[in-house]
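Structure first, then comments.
Numbering (our numbering), first residue to last: 16 to 750.
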């Protein structure tokens with residue numbers, strides 16, 4: 016009894032602390048400036064219908080680069096069609112910068128305060144507003160401190176500057192960092208400072224004439240400028256910088272801010288233009304970045320090959336964002352069925368069965384990272400504060416991403432905007448990309464996602480791991496997500512407008528078509544086909560049209576339930592092979608922690624691109640020693656060669672690297688779709704056809720035909736049909 020009372024007391028304290036912190040964050044801490052009014056964005060309403068970006072010439076630059084010190088860069092993109100408002104400025108949150116420039120007195124955008132006033136922002140005089148977030152270009156200097164791995168402002172140096180060896184000469188490790196804004200985003204140009212370098216007189220004597228574009232990751236849906244952490248970039252790129260590479264970056268190419276790939280490309284090209292207009296064209300440009308910073312490289316090479324980067328080093332890569340939504344949006348639907356709807360409960364407590372349906376790794380001993388929210392909700396409902404046992408990549412890696420991307424009422428940073436703005440604007444990814452996906456007759460952004468016809472757990476049924484009755488119940492009750500017009504606000508406590516802790520709903524089941532109730536059949540939803548078509552035609556789907564050399568690396572993290580799932584590597588490769596007929600320009604290295612061969616990757620990519628400059632093809636230029644490889648945690652080569660990653664994804668016997676690092680799948684693969692994973696919807700075949708054409712393997716499902724036809728009135732998915740029949744030649748043609 017005492018243990019229970021102690022547990023409840025601890026839970027109450029944790030709940031109070033977490034609740035107070037969230038309330039403080041969302042209801043605007045006193046020092047947090049907030050946008051009260053904004054020019055609302057006007058976007059085209061029809062879905063984009065082509066041509067694809069690789070068939071479109073980019074316009075000539077209209078801005079007179081370079082941006083001089085003290086001046087500001089362009090505000091409007093050159094060719095990207097979206098300028099979003101409201102847009103939250105974050106120059107003041109970026110080290111070395113301050114408030115953005117005033118650009119209006121109409122109350123639009125972020126309030127700008129008198130720099131000489133006393134007190135916190137709320138007590139200072141407002142001198143104007145900024146909705147464009149421009150900041151004058153400036154230069155700061157960093158140095159590496161002796162005995163430290165990090166970089167510090169040069170003005171704080173006290174005879175403690177570390178030295179590095181450059182071409183046999185010992186030099187102080189000092190970096191020149193140019194900062195400013197381009198396309199409203201903060202950019203940086205980082206170089207090794209030469210002797211006597213001055214802000215207005217750079218000394219590039221140590222530049223090796225090679226350039227790195229640093230892409231960053233995260234998940235954002237627009238409306239923020241982003242903070243530029245150039246200290247982090249300098250630390251991560253320390254060795255290339257010490258070797259003489261220049262490194263450039265922008266918050267416009269970090270996906271924690273947005274996933275507008277046309278805007279990212281437009282911004283990246285201009286950041287590079289700012290560099291080259293001052294220092295000249297590099298011999299080549301290497302892209303580097305992880306997660307969202309990886310997929311940007313794939314899409315930029317596909318959509319505008321050779322314009323920005325000549326070779327890519329990608330870490331924890333996905334092929335793109337939009338096709339990840341197909342299986343990620345399945346996650347909570349499946350979890351809710353497993354935890355709440357499936358009977359008997361003990362059957363669905365079997366994590367091997369869950370994994371067979373979900374595809375991604377699951378473990379009954381895993382610790383669900385949302386367990387505190389579950390316990391708080393049950394406690395305030397007057398129930399014993401228990402939490403679900405076990406965890407999976409869905410529960411720990413992807414939970415929370417579905418509402419962020421899909422729900423127009425859900426906002427990650429509500430404290431940035433007034434209540435009026437929060438309630439009047441659609442905040443989903445689909446809405447941020449409405450110029451691509453279009454909007455429906457009610458003004459709601461279109462979405463390509465749907466699950467009509469999807470037979471969850473089909474492969475588990477074929478393998479005998481799922482009984483026909485369980486298969487029918489799962490597919491009959493799982494339901495779908497409501498259309499945008501019917502979605503309600505999330506119930507994530509103070510992160511949503513409904514802050515009642517009794518209503519905390521981690522699954523978002525109130526936004527499922529069954530409303531959290533057991534229904535048979537629960538409604539399925541078909542994605543908007545025009546939106547799906549626009550996703551392909553706009554270049555937001557990676558179709559495998561890769562031309563540049565690509566070295567992909569990842570640490571194996573499947574058993575950490577990490578969202579950067581290993582199956583994405585084989586979706587990338589399968590798409591490349593489909594488009595090119597081979598994957599000679601794609602190399603995959605996988606290692607266990609702590610080994611991370613980033614320096615080796617730079618060295619060999621440098622060689623690959625140097626060889627390519629001699630007139631060789633990409634395949635001919637690839638160093639002979641560069642092969643698909645798996646490493647141990649200490650860097651020992653476990654296996655290397657062209658067949659080490661053969662496996663189910665390419666219908667080959669498993670290669671030796673899979674013995675060390677097994678790959679899991681996705682819910683759509685387990686439902687019968689292929690490993691390319693680039694299908695939003697499917698064409699249907701009748702249930703009667705499925706019963707006779709081998710869809711169910713050796714399982715005789717004829718007695719369940721009435722239930723199947725009730726669940727799938729339009730038929731079940733026929734994955735043998737083309738993705739978008741009239742676009743096949745255009746999208747899948749060789750680059």
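Each residue gets a CB set at the ideal place from its N, CA and C atoms; glycine is no exception.
Asked	Found
Measure from the alpha carbon of residue 567 to the alpha carbon of each residue in 606, 158, 178, 594, then state which is nearest.	606
Check residue 52 in the structure and name its three-state DSSP category.	strand
Taking the Cβ atom as the reference point for each residue, do residue 372 and residue 356 lie within a distance shorter than 8 Å?	no
With a threshold of 8 Å on Cβ separation, who are the neighbours of residue 742 within its own chain once the five nearest residues in sequence on each side are excluded?	548, 551, 552
Distance check for residue 663 and residue 219, CA to CA, integer angstroms please.	50 Å
First and last residue of the beta strand (DSSP E) that includes residue 168?	166–168
When the Cα atoms are used, what is the spatial distance from residue 363 to residue 420?	28 Å
Mark residue 77 as exposed unless 16 or more other C-beta atoms lie within 10 angstroms of its C-beta, in which case mark it buried.	exposed
Are at least three pairs of beta-carbons, each pair with one atom in the segment 87–99 and one in the segment 167–186, less than 8 Å apart?	no
As an exercise, report each continuous beta strand (DSSP E) stretch of at least 3 residues that is fully enclosed by the segment 545–580, in chain order.	565–570
Please state if the CB of residue 68 and the CB of residue 318 are separated by a distance shorter than 8 Å.	yes
Determine which residues share a DSSP beta bridge with residue 716 and list them.	None; residue 716 has no bridge partner.
What is the DSSP secondary structure of residue 632, counted as helix, strand or coil?	coil
Using alpha carbons as the reference points, say which of 403, 645, 172 lies closest to residue 672.	645
Return the chain-ordered ranges of every alpha helix (DSSP H) run that is complete within the segment 105–140 and spans a minimum of 4 residues.	none
Would residue 571 pass as an interface residue toward chain D - the criterion being a Cβ-Cβ separation below 8 Å?	In the displayed structure, chain D is absent; only one protein chain is listed.
Closest by CA to residue 310, which one among 294, 558, 592?	558
Between residue 10 and residue 637, is the Cβ-Cβ spacing less than 8 Å?	This structure cannot speak to residue 10, because the chain is shown only from 16 to 750.
By the 10 Å Cβ neighbour count, where 16 or more other Cβ atoms means buried, how is residue 736 classified, buried or exposed?	exposed
Quick one: what's residue 329 bridged to in DSSP?	304, 567
Per DSSP, which residues does residue 233 bridge with? Please list them.	According to DSSP, residue 233 bridges with nothing at all.
Compute the beta-carbon to beta-carbon distance between residue 381 and residue 407, rounded to the nearest angstrom, for a pair I have assumed lies under 8 Å.	7 Å
What three-state label does DSSP hand residue 508 in the structure shown?	helix
Where residue 775 and residue 199 are concerned, what is the direct C-alpha to C-alpha distance, given to the nearest angstrom?	Residue numbering for the chain in the displayed model covers 16 to 750; residue 775 lies beyond these limits and cannot be assessed.
What number of angstroms, rounded off, separates the C-alpha of residue 555 from the C-alpha of residue 334?	10 Å
Name the one or two DSSP bridge partners that residue 264 has.	203
Taking only the alpha-carbon atoms, compute the straight-line gap between residue 436 and residue 723 and give it to the nearest angstrom.	45 Å
Kindly list the residues whose CB is nearer than 7 Å to the CB of residue 418, restricted to its own chain and excluding five residues on each side of it in sequence; keep chain order.	425, 505, 523
Short of 7 Å in beta carbon distance, which residues of its chain neighbour residue 416, apart from the five on each side in sequence? Order them along the chain.	234, 343
To the nearest angstrom, how far is it from the Cα of residue 338 to the Cα of residue 565?	20 Å
Between the segment 270–277 and the segment 433–450, do three or more beta carbon pairs fall short of 8 Å?	yes
Among residues of its own chain, excluding the 5 on either side of residue 81, which ones have a beta-carbon nearer than 6 Å to its beta-carbon?	289, 292, 293
Could you say which of 468, 467, 448, 687 lies nearest to residue 460 if we only look at CA atoms?	448
Which term fits residue 175, buried or exposed, when burial requires 16 or more other beta carbons within 10 angstroms of its beta carbon?	exposed
In the structure shown, what three-state DSSP assignment does residue 402 receive?	coil
Out of 214, 118, 116, point me to the one whose CA is closest to residue 155's CA.	214
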